[in-house]
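>
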Amino acid sequence: MLKESTEVEKIVRPLIADKLKPHVKKVDAEAFYAEEYLKSLGGAGLLNSPGHVAAEVVAKEMTVVEETAKSCMTTAFNLWCHLASLTYVRSSANKELKDKLLRLLEDGSTLGATGLSNPMKSYAGLETLHLKADKTDDGYILNGSLPSVSNLGSDHWFGIVASTDQGNEVMALVSCGIEGLIMKEKAEYLGVNGSATYACQLKDVHIPSTYIISEDASEFVKKIRPYFVLYQIPLGFGVTDASIKSIEKASAKQNGANAYLSVQADELAEELEKLRKRADHLVKDIDWSEILKVRLEAVKLTLKAVQADMLHNGGPAYLQKSHPARRLREAYFFANLTPTIRHLEKMLAN
1407 MLKESTEVEK IVRPLIADKL KPHVKKVDAE AFYAEEYLKS LGGAGLLNSP GHVAAEVVAK
1467 EMTVVEETAK SCMTTAFNLW CHLASLTYVR SSANKELKDK LLRLLEDGST LGATGLSNPM
1527 KSYAGLETLH LKADKTDDGY ILNGSLPSVS NLGSDHWFGI VASTDQGNEV MALVSCGIEG
1587 LIMKEKAEYL GVNGSATYAC QLKDVHIPST YIISEDASEF VKKIRPYFVL YQIPLGFGVT
1647 DASIKSIEKA SAKQNGANAY LSVQADELAE ELEKLRKRAD HLVKDIDWSE ILKVRLEAVK
1707 LTLKAVQADM LHNGGPAYLQ KSHPARRLRE AYFFANLTPT IRHLEKMLAN
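Quick note on numbering: the sequence shown equals residues 1407 to 1756 in the numbering used here.
#1: What separation, rounded to the nearest whole angstrom, lies between the Cα atoms of Ser1491 and Ile1619?
#2: From Ala1675 to Ile1650, what distance separates their C-alpha atoms?
#3: Bridge partners of Tyr1546, per DSSP?
#4: If I measure Cβ to Cβ from Thr1493 and keep anything under 6 Å in the same chain, skipping five residues before and after, which residues do I get?
#5: For Thr1603, collect the residues of the same chain with a Cβ closer than 6 Å to its Cβ; drop the 5 residues on either side in sequence, then sort them by chain order.
#6: Which one of Asp1540, Ile1422, His1429 and Val1414 has the shortest CA to CA distance from Gly1600?
#7: Beta-carbon within less than 6 Å of Asp1561's beta-carbon, same chain only, minus the 5 sequence neighbours each way: which residues are those?
#8: Three or more C-beta pairs under 8 Å: does that hold for the segment 1578-1597 against the segment 1635-1650?
#9: When the Cα atoms are used, what is the spatial distance from Gln1726 to Arg1732?
#10: Going by DSSP in three states, Phe1438 sits in which element: helix, strand or coil?
#11: Quick one: give me the first and last residue of the beta strand (DSSP E) that Gly1565 is part of.
#12: Between Ile1747, Leu1447 and Ala1671, which has its C-alpha nearest Arg1701's C-alpha?
#13: Does DSSP classify Pro1456 as helix, strand or coil?
#14: Please list, in chain order, all residues of the same chain as Ala1648 whose beta carbon is under 7 Å from its beta carbon, the five residues on each side excluded.
#15: Who are the Cβ neighbours of Leu1408 in its own chain at under 7 Å, not counting the five residues just before and after it?
#16: Got a sec, what are the start and stop residues for the alpha helix (DSSP H) Leu1587 sits in?
#17: Taking the alpha carbon of Arg1509 as the reference point, which residue from His1612, Asn1454, Leu1535 and Thr1708 has its own alpha carbon closest?
#18: With which residues is Gly1518 paired in a DSSP beta bridge?
#19: By the DSSP assignment, the beta strand (DSSP E) with Ile1697 in it spans what residues?
#20: Mind reading off the beta-carbon distance from Ala1519 to Cys1487? Whole number of angstroms is fine, and I expect it under 8 Å.
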């Protein structure tokens, strides 16, 4: 995977330098949504899948997520949302859906979102489904509300799962421009306010058959959930890597007093490398239980790294706009991203 990752880095790093890094503080402080950067990834061919082996595509896209998260995990999270929606389309048996949307999502013409926080919790026995679907001759009518869906915009799409009176659940893609959808922006979080997150209310929203992903959502989710979670792991890797570099840069502070802190950069780097190797293996050999374990360990390592970063940088880190403080807020979001730590612990216990 190393050669492929290096080639991806050569393409994505200039895009990060040009279209993301200049805006990182605005993303955090002013809820700036880095849409141009996200679309540029598709334009550069980094999200193309036709003609490629699935494992190669996943490895490439995970590298892009990690590289993005090194500079801005909020935007990397938006990228993860888009990759989740891409996974739905790539995995669907609906040829018409693929013909209409796959190319547009892969080349950056439009962006997608997951919309599956509630269904993932529902299938784990944590919540009930918030959406209801009534079948029609040419699709479904949707009603209900989702409290938070990220990476949304006027021309974006997001996935949903809704229960039916027939006892099954249907999964579909919904356009943000569709009639009956009411969106209210949410930008009062501790962090990641540049994630273009909205509360979504659906009132008699008609979804034609073209945009139905699956009429057996519970089985379909079992198929896509390994990738749903796998794509999240490099969010933590990127933040951890950036924290390690920040700790190394701060090593000379106060005449080397940081050497006495209990958590050091070399320890974090060693743990990160071990987790990276496990994640690389999972790309080639999907193992649901191991994916959950690596995802949980990635969260714990990320939290450990950002806390150490705060301590190594001392007082300057506690400024609202400091990079260590931003990474701290991003890490706590990562810990509460579905599947959350408690969600992961519950699934692993069962």
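Positions of the beta carbon are idealized from the N, C-alpha and C atoms, including for glycine.
Quick caveat: nothing in here was measured; it's all calculated off a predicted structure.
According to the structure data:
#1: 10 Å
#2: 7 Å
#3: Lys1541 and Ile1613
#4: Ile1630 and Tyr1633
#5: Ser1554, Ser1556 and Lys1592
#6: His1429
#7: Thr1516
#8: no
#9: 8 Å
#10: coil
#11: Trp1563 to Thr1570
#12: Ile1747
#13: coil
#14: Lys1476 and Arg1733
#15: Note that Leu1408 scores 49 on pLDDT, short of 50, meaning its location in the model is unreliable; the coordinates nonetheless yield the value given after this. Nothing listed; no residue qualifies.
#16: Leu1587 -> not in any alpha helix (DSSP H); beta strand (DSSP E) instead, spanning Leu1587 to Glu1591.
#17: Asn1454
#18: Trp1563
#19: Premise fails: Ile1697 lies in the alpha helix (DSSP H), Trp1694 to Asn1719, not in any beta strand (DSSP E).
#20: 5 Å
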